[in-house]
Every structure is written in structure tokens, then in C-alpha cells.
Amino acid sequence: MNAPRGQCSKLPPGYYLGPPNLSPVLEVSRDLIQGCLKNDRRAQFALYKLCYPPLMAVCLRYRSNQADANSILNQAFLKILDHLDQLGEEVPFLPWAKRITINTLIDDFRKNRKVKELIALSDKPGEDLETAPVDYNEAEKQFDAEQLEAMVQQLPPVSAKVFNLFAIDGYNHAEIAALLDISEGTSRWHLSSARKKLKDMMSRAMGIYRAV
1 MNAPRGQCSK LPPGYYLGPP NLSPVLEVSR DLIQGCLKND RRAQFALYKL CYPPLMAVCL
61 RYRSNQADAN SILNQAFLKI LDHLDQLGEE VPFLPWAKRI TINTLIDDFR KNRKVKELIA
121 LSDKPGEDLE TAPVDYNEAE KQFDAEQLEA MVQQLPPVSA KVFNLFAIDG YNHAEIAALL
181 DISEGTSRWH LSSARKKLKD MMSRAMGIYR AV
């Protein structure tokens, strides 16, 4: 990654730089961060290599195409470098970087698709399945992580994004509504719909496996 650090600026409305609900799985030294802040290309490339695997995993949850996911990751990394001086010393790097990556994915989604045209839905959430979450225990015995992720990718685009944001990345409905420019009721509807569709897909798949 050879891109230089750009000029720092405030993040757009809806971005969140506080400690998110994501657990860090790697440590980034303050020396490495300081090197990046000094525009040291070697430090920037080292940071890119270090955080590439976890951030690419995030991108691939939202983009099934590897090239698209890589493009989004590169855009996100430039934003990470650009706003690195806003990272507090007590804030873990990886969760913070994941938030910026997710925000970049959402920005791309907003730019390339007219969300409100995709969602011709009432704001009424209907039956709220949030209080009766899908039991994945049996499914996890039958399917590996890749199979479960493939099921999520079969969901309608907005429902898949809401499910990923809520169930995996720890956003609440108010945050999702702000990110996707929808109401909280519509966010709840998509989550409920996604849970129901995933439960149906798992049930059908497990039925096929049992019949074999």
C-alpha cells in the first residue's frame, strides 16, 4: 500500500469513533501508529499488512466479489490513515478501524444505490422477531462459517446489511437507521425478515441433509 496520508478532516455525520462493540484480535503498537502519523511509508505498509486479514473479512461479509471488497478495503485504509490522529490512546485500534471500514462500505452502498428506491416498505416493523432470535446451535453443527455466510448473502441486499450490522457488527437500530437513511422501524423489519429467511434456509438445508 503506497498511498500517502491525506489531510485530516472531520468524519461526516453518522460516523462513530468511540470504542465500538467489537473485540480486538490484534495489537498495533503505538510506535507503528506514530510512524504512520509521520508519513513513514514503511510503517503505513506494515500497518496495512497487519490489518488486511480482519478488515478484508469485514468487507467480504458485505461484498461477495473479491475485487470489490479489496477496493473498499483500500478506500477504508486511506480513511484510517487520514484520521489516525483522532484515535485515542485508550481506544483499541482494530475495532476503531473496523468501524471506519463499515462506514466506508455503507458510503459505497449509498453512492451506488438509491436506498429509498430499494426499500418500498411500510415503517411499521410488523412482527418483531428480535425477542425470539433464531437458535443457531443446531445449524452450527450442520454448517460451517462459510455456509452460514453464504446464506446471509442470499438475503435481499438491505436485509443482509441490516443483519450484518446488527447481529455481527454490534450496531443498534438507531445507528443502522442513520447509516442506511431508513427509519428504525424499517431497520427492525429488515432484521426480523432476515432472521425468518435464515431460519427457513437452515431448516430446508438441514432437512435435505437428514434425507441424504
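First residue of the sequence shown? That's 1 in the working numbering, and the numbers climb one at a time after it.
The beta carbon of each residue, even a glycine, is placed where N, CA and C say it ideally should be.
What you are looking at is a predicted structure, and each value in this text was computed from that prediction instead of being measured.
Here the C-alpha atom of L81 lies approximately 42 Å from the C-alpha atom of D200. Nearest in C-alpha terms to D169, of all of A150, A97 and D85, is A97. In this structure A174 is exposed. Its beta-carbon is surrounded by fewer than 16 other beta-carbon atoms within 10 angstroms. Contact check between the region 145–163 and the region 178–197: three or more CB pairs, one atom from each, fall below 8 Å, which counts as touching. Boundaries for Q86: no alpha helix (DSSP H) harbours it, and the DSSP string shows neither H nor E there.
Shown here, Q154 sits in coil according to DSSP, grouped into three states, outside any helix or strand. For P92, there is no enclosing alpha helix (DSSP H), as DSSP marks it with neither H nor E. DSSP, read as helix, strand or coil, puts I182 in coil. Secondary structure note for Y52: its alpha helix (DSSP H) is the uninterrupted segment R41 to Y62. Ranked by Cα distance from R204, the options N172, M151 and A160 are led by M151.
Distances from the alpha-carbon of L94 to those of R41, K49 and S71 put K49 closest.
With contacts defined by Cβ atoms closer than 8 Å, R61 and N164 form a contacting pair.
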